[in-house]
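Undergrad: I have a structure I would like to understand better, so I am pasting it below and will then ask my questions one at a time.
Numbering (the numbering used here), first residue to last: 1 to 242.
In structure tokens:
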């Protein structure tokens with residue numbers, strides 16, 4: 001650790017304290033408010049996820065402080081999840097980061113889950129964490145102008161979630177869903193609308209994931225607690241230009 005940060009114990013104590021009291025989440029929210037006030041946030045939102053390898057030490061021993069509070073909801077975890085957001089598989093330990101990113105590469109929401117959790121089940125939670133208040137206070141904006149996602153998010157539940165909220169979306173239909181619809185003939189209904197040119201903008205979230213994983217502590221998880229790893233993600237988003 002660079003000498004300017006003093007002993008690692010001091011740095012970690014401050015990091016932990018600011019995670020518990022929600023400081024990291026609050027700073028990240030202020031940056032979003034400032035960016036939105038300057039007109040830098042574009043509300044075409046792309047949703048995706050990335051799997052990060054967790055260090056073997058993350059899954060060992062008792063999890064001290066596992067019942068302690070996390071960030072302030074809805075910006076972060078309220079408490080440590082029972083599985084510590086660590087998935088176990090033949091490939092080792094993994095954690096998944098779900099993100100919602102606008103067309104200007106601003107990360108509007110993040111959700112931390114175990115690595116084996118599917119993308120579609122986490123979609124609603126990701127959308128519910130999009131909250132950008134106006135500069136002078138008041139009701140935060142929570143509804144994107146458009147949502148883009150890949151085939152992993154092609155489900156009736158997601159489309160039923162977006163439709164009553166009047167959120168346009170560009171999500172390609174899965175091939176098996178298309179075959180099933182065609183087999184049913186006229187009973188299968190019409191295919192969902194899909195704008196190929198609009199869909200090209202979804203690469204923003206992939207670029208943002210690539211930038212985020214340039215941070216060593218993100219690409220490989222070293223934090224035993226999910227609330228700490230979430231704070232590490234928040235700190236990386238604060239340090240990287242929005």
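Yeah, the Cβ is synthetic: ideal placement off N, Cα and C, and Gly gets one too.
What do you reckon, are the CB atoms on residue 88 and residue 219 nearer than 9 Å?
TA: The answer is no: Cβ separation not under 9 Å.
Undergrad: Assuming residue 198 contacts residue 170 (C-beta within less than 8 Å), just tell me the rounded distance between them.
TA: Yes, residue 198 and residue 170 are in contact; Cβ-Cβ is about 5 Å, under 8 Å.
Undergrad: Report yes if the CB atom of residue 29 is closer than 9 Å to the CB atom of residue 131, and no otherwise.
TA: Cβ atoms of residue 29 and residue 131: closer than 9 Å.
Undergrad: How should residue 71 be labelled, buried or exposed, when 16 other C-beta atoms within 10 angstroms of its C-beta is the threshold for buried?
TA: With a pLDDT of 43 at residue 71, under the threshold of 50, the predicted position of this residue should be treated as unreliable, though the coordinate-derived value follows. Residue 71 should be labelled buried.
Undergrad: Could you give the DSSP three-state label for residue 197: helix, strand or coil?
TA: Of the three classes helix, strand and coil, the one that applies to residue 197 here is helix, per DSSP.
Undergrad: Could you compute how far the alpha carbon of residue 133 sits from the alpha carbon of residue 232?
TA: Residue 133 and residue 232: Cα-Cα distance of roughly 23 Å.
Undergrad: Taking only heavy atoms of the ligand SAM into account, decide whether any of them is closer than 8 Å to the Cβ of residue 118.
TA: Within the structure as shown, the ligand SAM is missing, as the structure has no ligands at all.
Undergrad: So, residue 46 versus residue 122, is the Cβ gap smaller than 9 Å?
TA: Their beta carbons are not under 9 Å apart, which means residue 46 does not touch residue 122 by this criterion.
Undergrad: For residue 245, which three-state DSSP category applies?
TA: This structure gives no information on residue 245, because the portion of the chain shown stretches from 1 to 242.
Undergrad: Are the CB atoms of residue 143 and residue 165 within a distance shorter than 9 Å?
TA: For residue 165 and residue 143, yes; Cβs fall inside 9 Å.
Undergrad: Note down the Cα distance separating residue 66 from residue 23, rounded to an integer number of angstroms.
TA: Low confidence applies here, because residue 66 scores a pLDDT of 45, under 50, leaving its location unreliable; read the following figure in that light. The straight-line gap from Cα to Cα measures roughly 19 Å.
Undergrad: By Cβ distance, which residues of its chain are closer than 7 Å to residue 125, with the 5 residues on each side in sequence left out?
TA: Around residue 125: 111.
Undergrad: Are the CB atoms of residue 240 and residue 211 nearer to each other than 9 Å?
TA: Yes. Within cutoff.
Undergrad: Bridge partners for residue 42 per DSSP, in chain order?
TA: Residue 42 is not bridged to any residue.
Undergrad: Would you decide whether residue 115 is buried or exposed? Buried here means 16 or more other CB atoms lie within 10 Å of its CB.
TA: The residue is buried, with at least 16 neighbouring Cβ atoms inside 10 Å.
Undergrad: Quick one, are the C-beta atoms of residue 7 and residue 226 less than 9 Å apart?
TA: Not in contact: residue 7 and residue 226 (Cβ atoms no closer than 9 Å).
Undergrad: Please classify residue 73: does DSSP put it in a helix, a strand, or coil?
TA: With a pLDDT of only 46 at residue 73, under the threshold of 50, the placement of this residue in the model should not be trusted; the figure read from the coordinates follows. Residue 73: coil per DSSP, three-state reduction.
Undergrad: To the nearest angstrom, report how far apart residue 85 and residue 195 are at their CA atoms.
TA: Answer to the nearest angstrom: the Cα atoms are 35 Å apart.
Undergrad: In whole angstroms, what separates the C-alpha of residue 214 from that of residue 222?
TA: Near 15 Å, if we compare the C-alpha coordinates of residue 222 and residue 214.
Undergrad: Using the C-alpha atoms, what's the distance from residue 39 back to residue 32?
TA: When rounded, the distance between both Cα atoms is 11 Å.
Undergrad: So, at 6 Å on beta carbons, what are the nonlocal neighbours of residue 168 in its own chain, with the 5 sequence-adjacent residues on each side left out?
TA: Hits under 6 Å: 146.
Undergrad: Classify residue 238 as buried or exposed, calling it buried when 16 or more other Cβ atoms lie within 10 Å of its own Cβ.
TA: Label assigned to residue 238: exposed.
Undergrad: Could you name the residues that DSSP lists as bridge partners for residue 52?
TA: DSSP lists 95 as partners of residue 52.
Undergrad: State the beta-bridge partners of residue 89 as determined by DSSP.
TA: According to DSSP, which records beta bridges pairwise, residue 89 is partnered with 92.
Undergrad: Just the C-alpha distance for residue 185 and residue 160, rounded to the nearest angstrom, thanks.
TA: The straight-line gap from Cα to Cα measures roughly 22 Å.
Undergrad: Kindly indicate the opening and closing residues of the beta strand (DSSP E) around residue 112.
TA: Residue 112 -> beta strand (DSSP E) spans 107–114.
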